[in-house]
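Numbering (the numbering used here), first residue to last: 70 to 279. All C-beta atoms, glycine included, are put in the ideal place defined by N, C-alpha and C. First up is the structure itself, then whatever we jot down about it.
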Amino acid sequence: MGTSAARTGQPASIRIAVRVGRVLGATLYVTTALFGALFTSWSSMLVVAPLLGALVGGAVALVRPDFAKDAASRRTVVHAAVAGVLALPFATGLPALGGLGSVVVLLLLVVGSLTVDDWLAAGEPGPRVGHPAELRPVLGVLPTAELVSAWLRTEDLLRSARDRSRVAELRELLLDELARRDPEGVARWLAAGGRSPVPHVRTDRDLTGP
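Here it is, written out as structure tokens:
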């Protein structure tokens, strides 16, 4: 189906670890910044902190020129701006925490090493996806196991592809083809939450063709 450009999907355990790491890192950063705000002057919070946020957000926007049209890029710019605003109270909060400040820094370094590769990969221009109409006849002759693998690979493509709308259309075609071959299995899969078709859709027989 022309998915050779797709990246190999990450194991579920790594994806979960990255998500947990992001939540933990954000919680540590925001909590420390809120604590540090108690020791930061109001003038700094009202003037310096917003300026830092604008500078950081603007710098990220310069390297993400598509942020005005791309929702994921806009989120990245907003998150960067918020991190910039909180940078000043965060820096103030670390010494105020005493020995705990070193622990916070250590935890953030560990969490950062876990998530930075995934963040950078998400920020890189991803592969182009062929027009779904061109892929439709190819899907009909692929083995069911390959369709299932393709569905799993599109999870990464949704984050990295240059045209996410085409990936969404491709997933719709994959879902339609899987439903044509095993409607009961797809119904069970969707009822279970639609995370992975592997336990539900049968791959031991292929009903290809129109």
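Checklist entry - Skipping 5 residues on each side, what residues in its chain have a beta carbon closer than 8 Å to that of A160? => result Here the set comprises G105.
Checklist entry - Using the C-alpha atoms, what's the distance from D245 back to R257? => result 15 Å
Checklist entry - Helix, strand or coil: how does DSSP classify A261 here? => result It is coil, neither helix nor strand.
Next on the checklist: If you measure between the beta carbons of L221 and L247, is that distance less than 8 Å?
Outcome noted: no
Next on the checklist: Here's the rule I'm using: 16 or more other beta-carbon atoms within 10 Å means buried, otherwise exposed. How should A118 be labelled?
Outcome noted: With 16 or more other Cβ atoms within 10 Å, it is buried.
Next on the checklist: Less than 7 Å between C-beta atoms, sequence neighbours within five positions excluded: which residues of the same chain meet that for L97?
Outcome noted: V173, L176 and L177
Item to check | Residue-chain proximity (E215, chain C), Cβ-Cβ < 8 Å | outcome: The structure shown has no chain C; it contains just one protein chain.
Next on the checklist: Measuring straight from C-alpha to C-alpha, what distance separates P134 and R143?
Outcome noted: Distance between the alpha carbons of P134 and R143: 10 Å.
Checklist entry - Is the beta carbon of T213 sitting closer than 8 Å to the one on V255? => result Cβ distance not < 8 Å, so T213 and V255 don't count as in contact.
Checklist entry - If you compare alpha carbons, which of V210, V236 and T223 is closest to R249? => result V210
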